[in-house]
Amino acid sequence: MMPRIGGAAARRVARLAVCVLLAFAALGARERPRDAAPLPPDHKVVDAELGRFGGRIVLASRNGPRTFNGITANEVSSTDVTNRLYEQLITYNNELQRAEPGIAKSWERSRDGRTWTMHLRHAFFSDGTPITSADVLFSFDVVYDPRVHPSTAELVKVRGQKFQLSAPDDSTVVFRLADSYGVFLDVIGAVNIMPRARLESAFREGKFESAYGINTRPEDLVTSGPWRLKQFAPGERVVLEPNPYWYESDRRGRRLPYLDEIVWLVVPDQNAELLKFEQGEIDAIDVPRSLDFPRLKAGEAQGRYVVHDLGVSLATVFFGFNLNLKADLRTPCADPVKYRWFSNLNFRRAVAMAADQGKMVRLAYQGQASPNWGPSTRGNKKWYDPDVKQYSHDTERARRLLQREGFEDRNHDGWLEDPEGNKVQFSIITNADNNVRVSLCNLLKSDLRQVGIDLVVTPLDFNQLIGRIRDSKDFEALLLGFAGGVPPDPALGQNVWKSRGKNHFWYSDQPRPMTAWEAECDSLMDELSRVEDQARRKRLWDRVQEIVTDQAVIVYLPSERAYVVARNKFGNLRPALIPHRVLWNSSRIFLK
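By the working numbering, the letter at position 248 of the sequence shown is numbered 860, and the numbering carries on one by one without gaps.
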């Protein structure tokens, strides 16, 4: 027999029961997905730790996005956001380093490798409209349009010929290629799928590049990825919220993403970023400065966060010279006198020899870096070439090379003059918000002083920097970095290594290869993309690396070790060496 409870005791039990019920109700609310519609029958079930719904993750961005357009976005401050907003036919698992189904749930390949048939799942844009084959064809039409010419344009070609796309029905897309293409799945994974219904008129009117700009209202920005734009305050923050029609679920059949928000705070420099992280305003830092490593390790020991050591980064840092020509193919974009210097192979090699990578490792990176000489770093186990030309620090040899080309200190003022008597002085631009890059420029300035070259360091706002490099071509030398492709296959770097590439920084968008060695690189990159034999592909890429380093149009600098520092309150947060290191699996991350 149960004892009878009465009076005050009964009221306490009743209150306790109400509290328990409220607690369960609150738990249920946190666990309830934000479904706008039932999951489609062919939704993608993610094999990951089961999480709970709610919460946010906060990161930092130096500048904030320049656009929300998933096809024209190029700089990291934009692509960090757009790659969460838009989905592709094929996605990439950064941890396992393999291609996986995206909007395309399955596919078949013809025996000769020239025809691929992609079968689309029942996926939806963030406004609830279906993603169909028409949207895929539209997205590729945009990429191929010469008026738009995004950085992905050269990837989705074989032998310089576009893929031929057709759509037998709403859920099938057929790709016909001019030749077999060893990285076909990877390259179509570089094309974000955009909503034709929303953007076709802008495209037909020649206004696609300005469509989905930063002035677009969040409610007007229709996305195909796991997230949609919730709020954008220029110079302050970007806030994303889940796409309520997203096609992924966890093993319990609950629609992802788990988090309520991804937030980027615009933080002007690395010092401010570190301070905000230590104060708890930011949850993760991607690749902090090496000089902050001891300080961050000390914080880890106190149990506040985890420092993930990912090894030598796949990213590269380099400096290079402006060899761009104007439309007449005769007039240099840089000062003609300096263009003559930059066009001189021995001048470039001498500058490379003057750079002291050992000093840069010690002072700019506090020992947390390794010397690097080529496009693939030691961290890229598959594609690294140890035999590229190494310009070891040698001030005397650099001086002799310069003297051989007629660069001498004719007036004995400590600075070199060229054969016409012009002082050898040029400027180098880099992004002002990156303290390490500014430090590298200053160390390079000191190194070049030893051989009589006056280097003027000019840090710029990042957006201004990109404008000068890609639009006006108004620079003399630059110091930048490549974050590394996703996946890190060199065939995806055609926009850098082919002469027509948008990111062929020393001379981009060439109408034809202007040098024999660039023509050879074009041919090598075409073959690298076509063949499937991995040993042959490695030999082709080694040759490209050897040509580029021999020509010294861009000179590589040390590669930093990659660290991700993240609070230990998140589940499924699995930092990877391939970017985006924190958010590559953003739909699965949850707050514990």
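Just so it is clear, CB atoms sit at the ideal spot from N, CA and C, and this is done for glycine as well.
- Comparing C-alpha distances from residue 1037 to each of 999, 1116 and 953 shows the shortest one belongs to 953.
- The straight-line gap separating the alpha-carbon atoms of residue 856 and residue 1170 is approximately 44 Å.
- Sorting 847, 841 and 1089 by C-alpha distance to the C-alpha of residue 951 places 1089 at the top.
- Membership of residue 1040 in the beta strand (DSSP E) is indicated by the continuous run 1037-1043.
- Going by DSSP, residue 1066 is part of the beta strand (DSSP E) stretching over 1066-1072.
- Between residue 1096 and residue 981, the C-beta spacing is not below 9 Å.
- If you draw a straight line from the Cα of residue 1032 to the Cα of residue 887, it is about 51 Å long.
- For residue 784, the enclosing beta strand (DSSP E) starts and ends at 784-788.
- Residue burial annotation: residue 1077 is buried, with at least 16 other C-beta atoms found within 10 angstroms of its C-beta.
- Less than 9 Å divides the Cβ of residue 682 from the Cβ of residue 698.
- Counting every other CB atom within 10 Å of its CB across the protein chains shown gives residue 1111 a total of 16 or more, marking it as buried.
- 708 is the residue among 1029, 1015, 944 and 708 whose C-alpha sits nearest the C-alpha of residue 1187.
- For residue 799, the closest alpha carbon among the candidates 809, 787, 807 and 921 is that of 787.
- Collapsing the DSSP output to three states places residue 797 in a helix.
- The continuous stretches of alpha helix (DSSP H) do not include residue 778, which lies in the beta strand (DSSP E) extending over residues 776-781.
- Using a Cβ distance threshold of 9 Å, residue 990 and residue 924 count as a contacting pair.
- Under the DSSP assignment, residue 728 falls in the beta strand (DSSP E) whose first and last residues are 727-732.
- Proximity to residue 975 across 1028, 897, 1074 and 904 peaks at 904, based on C-alpha coordinates.
- Nearest C-alpha to residue 956 among 737, 1163 and 743: 1163.
- By the Cβ-count criterion, residue 964 is buried, with 16 or more other Cβ atoms from all chains shown falling within 10 Å of its own Cβ.
- Two segments are said to touch when three or more pairs of C-beta atoms, one from each, lie closer than 8 Å; by this definition the region 673-690 does not touch the region 767-786.
- For residue 1203, the beta-bridge partners assigned by DSSP are 1182.
- The continuous alpha helix (DSSP H) containing residue 906 extends over residues 905-913.
- Shown here, residue 1177 sits in a strand according to DSSP, grouped into three states.
- Judged by DSSP in its simplified three-state form, residue 1106 adopts helix.
- Here the C-alpha atom of residue 725 lies approximately 29 Å from the C-alpha atom of residue 808.
- Looking from the CA of residue 997, the closest CA among 933, 804 and 987 belongs to 987.
- Comparing alpha-carbon positions, the option among 938, 1012 and 893 lying closest to residue 1120 turns out to be 938.
- Boundaries cannot be given for residue 685, as no alpha helix (DSSP H) includes it and DSSP labels it neither H nor E.
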